[in-house]
Each structure stands twice: as C-alpha cells, then as structure tokens.
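Heads up, the thing below is written out as structure tokens.
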Amino acid sequence: MFERPRSGERAVLVRLGVGAPVDPEDLQEFTQLALSAGAQPVATVTGRRDRPDPRYFLGSGKAEELQKVAAGCDADVILIDHALSPSQERNLEKLTGKRVLDRNGLILDIFAQRARSHEGKLEVELAQLRHIASRLVRGWTHLERQKGGIGLRGPGETQLETDRRIIGQRVRVLGKRLAKLQQQRETGRQMRAEIPVPSLALVGYTNAGKSTLFRALTGADAYVADQLFATLDPTVRRIRLPGGTAVVVADTVGFIRELPHELVAAFQSTLTEAREATLLLHVVDASNPRRSEQLAQVDAVLEEIGARDIPQLIVYNKIDRLSSAPRLDRDAAGRASGVWISAEKRSGLELLAQAVAERLARFARRALLRVPASAGALRSRLYSAQAVRAEASAADGSIELAVELPELELLELARTAGVQILEVQGADTACAPGSAYLQSLGTASASKLR
66 MFERPRSGER AVLVRLGVGA PVDPEDLQEF TQLALSAGAQ PVATVTGRRD RPDPRYFLGS
126 GKAEELQKVA AGCDADVILI DHALSPSQER NLEKLTGKRV LDRNGLILDI FAQRARSHEG
186 KLEVELAQLR HIASRLVRGW THLERQKGGI GLRGPGETQL ETDRRIIGQR VRVLGKRLAK
246 LQQQRETGRQ MRAEIPVPSL ALVGYTNAGK STLFRALTGA DAYVADQLFA TLDPTVRRIR
306 LPGGTAVVVA DTVGFIRELP HELVAAFQST LTEAREATLL LHVVDASNPR RSEQLAQVDA
366 VLEEIGARDI PQLIVYNKID RLSSAPRLDR DAAGRASGVW ISAEKRSGLE LLAQAVAERL
426 ARFARRALLR VPASAGALRS RLYSAQAVRA EASAADGSIE LAVELPELEL LELARTAGVQ
486 ILEVQGADTA CAPGSAYLQS LGTASASKLR
C-alpha cells in the first residue's frame, strides 16, 4: 500500500536546479538517501529550470529524456529529489511507466525501515498515511463508479472513496493511540522532573556522528552506521560527569534539509526529548564543507518543534578527518560555546565533559556539610569530584565542608547516615526548610537552611 522500494531496486535519481545549477553536494546527499533506502542507483538525470513545470515538474523535454533513461537502464523506480504534487507524480508515472517516489516519500520509506519501537512505528505509519492520502487516485484510475444493471446496482461509492474513508479512520485511530502514548510519556517525564537531574539531548544533521558520540559518552550499545537516519527511536541513558553531576543523555533522530513537515508533525512526542532538554549538544560534522548550512537547517527544525531557545553547546565532531587537535571555544563572556572532538577516536571527550559541566553549573548549590571524622571515604570522594571549596574542623572532631554540588547530590547526601547539611545557599523548594528529605534527618540543624 505504501509502495515501499524493495531492497536492491534499480533506481534513476533526478535532481533539478531551480533557479540555479545543481549543487553536487545536494546530489551526493540524495544519493546517500537512495542507498539508505536500499535502492541501487543506475543513472542520474539533472537539469535546470527557472521554475517547476506544473505538469511534470521537470518540463516536457526533460521528462521525455527521463523516460528514455529509465527504459534504457531497466529501472524499477524513479526517485525525485523534490517534493512533487500528486498530479506531477501521476503524470510522470504515466509517461515513464515506472513507479515515481519524491523526496518526502523516500524519507518516509527510510523511517519506516528504521522504526523499532511501538511508538516510532505508529508515528511513521501516521506520516505515511497522511502523505499518500492525496495520492491514492493513481492506484485506482481504472475503476469507475459501480455500473448499473441487474445485480450490479449499489451505493455508488468508488474504490477511491472507500480507501480514503478507511485511511481517515486509521488516521484517527493512530492519533488517539499516539495521544495516549504521549500522555504516558509526559507522566513519566513529570515524575522524573521531581528529581532535579539535568538532561542533555544530542541533536544535529543526520550522519554527523551523534550515535557514535552517545556510545562514547554512555557506553550504551547504540546502533552506529555510516548512513543517513541510522538512528530513529530515541535512546536515553544516565551518566555522571567528572565533577560528580548526574545527567541524562538522549540520542535523537537526525535532521536533514527539507525534512517533510508530516514527519515533524508526527514525531512531536519523540522530539519532545529535545524540546524538554536542559542543554542541547548540537553535533556538527566538522569535516563537511557545508557545516554552516547544516547548522542553519538544524536550527530551523529546532525552531519548528519549539526548541530554538534551549541553550546549545556546539560539538564539532570528526576532527580526525581534518588532522586537527581537540580544543574548547569560548564566547566573549568566557562561556564554553564549542568543543572540537572526534567521537570515533574518543579524542577531546574530557573537554566536552568540562564544557557540559560548566554550562550546567547553574544547577549547582553551595552548601555547608558536617561529616564525622570517620567519613574519610566520603570526604575523599567529594575532593575527587572537585566539589570542596573549604574545610574546617569542628569542636567535637567532626569536619565541616563547604561544597558546591547539584541538587541531586545534596538530596543523596541528606539521606546519608551521619551527614548533616547545615546551610544551603540559593535553595529552591527542593532544598527549602521543611522539605521531605530534610525532615527525614531529624536534626535541629535543618532549621538553619535558607
């Protein structure tokens, strides 16, 4: 029903320069898309027009050339690197006698192959149904209204109308299921929000190395491949930064130029991982000469999903291809703004961890702790985490430590036997007097908190 290309199909690729010559980089990216879908490119047709032709998009002369090329190469499918209208798609199919798939349909097909989770499959199916709803007519042009005659009279509904009605019903069912899943996801997110753990979301252009970086940071067995949209379903892991801060890292789907709007609309729940993140790690292929354009493309999609205002840290990946050394860039205010690394070679990861810790420093609280003299292991751990700012001995032999730690760490310390939190600076409701975890201490010193 979705006319998904089968693996190994012979494909003719078409790229038209509208108002400008064809960019070789765009053509190369489209070739990678075709390969990712399992197609076997056998020929390429390019051209230039001032504006798309309303009938074929390519123009009649170029369309006839495409017909001859497709017939000569015995192609199974024609892939167009543009968004076609349903009528343009049908006209090209009628002229060439081959199946025609535009850019949106090709990306949808790749997503259909990559989806693994139940939610991902539902989102892809919903996007596919919305895409093909206006294209059903090509499959039923031979059918007319039911003919009259004895035994042949009926309600008069065409097969096309029947299929549109069925698709409409399926879209409504999928919408309800996804709404329920989104509600469940939001409930889980609210529960996680009760524990103040900063979250990082890896975003970026497809094939920039997000999954490789995710694996390097978390040790998770994430799928890594040199192909577009290797990762579709988000993966979430918890890690601990060198300074002791616990964070949640999410690997998300890659973006691409001219990402179909139906995909963005369907994947709202999945993209929430990026929209609700504390900090976005914007991964960029530093070796790509068009990295500035790819940065802009990703920012455009982030704006579309409502994540444009979330703080970003630019991660320039694949510096091994540039024979460049890792480095940390800072803006005019001295804040970490960019990190140059190689996730595959695991080079520069310590600089990335340092930059992330700096950007998340606003989640840290200054506190005054009292620990028993016998708590040498705890004291050593706090020093190793570079969290101790001052130390003094109390009259009873205990040790008072001035520390700077994330709220989550303070919550854990408050539950540790023998540890007293004497003072917290800048505490919000999670660390305010009378909060549940402080009441569990059962000490009079809790009243000193401010």
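Quick note on numbering: the sequence shown equals residues 66 to 515 in this note's numbering.
By construction, the Cβ of each residue, glycine as well, lies at the ideal position given by its N, Cα and C atoms.
Report the option in Leu393, Gly170, Gly137 and Leu144 whose CA atom is closest to the CA atom of Leu92.
Leu144
Ordered along the chain, which non-local residues of its own chain (more than five positions away) have a Cβ less than 8 Å from that of Thr111?
Val79, Arg80, Leu81, Gly82, Val87 and Leu92
C-beta atoms of Ala135 and Thr161 nearer than 8 Å
yes
Would Ala452 and Val468 be called neighbours here (beta carbons separated by less than 8 Å)?
yes
Considering only their Cβ atoms, is the gap separating Arg424 from Pro376 smaller than 8 Å?
yes
Arg195 versus Arg230, His183 and Arg164, residue with shortest Cα-Cα distance:
Arg230
Under the rule that 16 or more other beta-carbon atoms within 10 Å means buried, what is Lys133, buried or exposed?
exposed
C-beta contact flag for Arg242 and Leu187 at 8 Å:
yes
Who pairs with Asp350 in a beta bridge, going by DSSP?
Asn382
Alpha-carbon to alpha-carbon, Arg155 and Gly219:
Confidence at Gly219 is low in this model, with a pLDDT of 49, below 50, so the placement of that residue should be treated as unreliable; the coordinate-derived value is given next. So the alpha carbons of these two residues sit roughly 29 Å apart.
Kindly list the residues whose CB is nearer than 7 Å to the CB of Asp167, restricted to its own chain and excluding five residues on each side of it in sequence; keep chain order.
Ile145, His147, Ala148, Leu149 and Glu154
Taking one C-beta from the region 394-405 and one from the region 441-451 each time, how about it: are there three or more such pairs within less than 8 Å?
no
CB Ala99 to CB Asp141, shorter than 8 Å?
no
Contact check, Val517 vs Leu265, beta carbons under 8 Å:
Because the chain spans 66 through 515 in this model, residue 517 falls outside it and cannot be assessed.
With H, G and I counted as helix, E and B as strand and the rest as coil, what does DSSP make of Ala442?
helix
Reference Phe176; option with closest CA among Arg164, Val165, Ala192 and Lys163:
Ala192
Indicate the three-state DSSP secondary structure (helix, strand or coil) for Ser388 in the structure shown.
coil
Pop quiz: Thr277 and Glu409 are said to be a contact at Cβ under 8 Å. What is the actual Cβ separation, rounded to whole angstroms?
6 Å
Alpha helix (DSSP H) runs wholly inside the region 106-178, at least 4 long, in chain order:
125-137 and 151-161
I need the boundaries of the alpha helix (DSSP H) containing Val489, first residue and last residue.
First-last for Val489: Gln485 to Gln490, but that is the beta strand (DSSP E), not the alpha helix (DSSP H).
If I follow the unbroken beta strand (DSSP E) through Arg305, where does it start and stop?
Thr300 to Arg305
Where do the N-terminal and C-terminal ends of the alpha helix (DSSP H) with Glu90 fall, by residue?
Pro89 to Ser101
Beta-carbon proximity check, Gly319 vs Tyr270, cutoff 8 Å:
yes
Can you give the Cα-Cα distance for Pro106 and Ala390, rounded to whole angstroms?
37 Å
Helix, strand or coil: how does DSSP classify Asp316 here?
strand
Are Leu378 and Leu336 closer than 8 Å when you measure CB to CB?
no
Assign Ser458 to one of three DSSP states: helix, strand, or coil.
strand
Just list the residues that DSSP pairs Val404 with in beta bridges.
Val380 and Leu393
Taking just the CA atoms, how far does Leu470 sit from Leu487?
14 Å
Straight-line CA distance for Thr206 to Glu323?
Here the model assigns Thr206 a pLDDT of 44, short of 50, so the residue's position is not dependable, and the following value carries that caveat. So the two alpha carbons sit approximately 30 Å from each other.
Quick check on the DSSP output: the alpha helix (DSSP H) that includes Ser463 runs from which residue to which?
Counting along the chain, Ser463 falls outside any alpha helix (DSSP H), and DSSP gives it neither H nor E.
Let's test the definition: count the other Cβ atoms within 10 Å of the Cβ of Gly84 and tell me whether it reaches 16, buried, or not, exposed.
exposed
Could you give the DSSP three-state label for Glu469: helix, strand or coil?
strand
For Val238, does the count of other Cβ atoms within 10 angstroms reach 16, so buried, or fall short, so exposed?
exposed
Closest Cα partner of Ala198 within the set Leu466, Glu184, Ala244 and Glu226
Glu226
Could you check what DSSP says for Ala85 in three-state terms: helix, strand or coil?
coil
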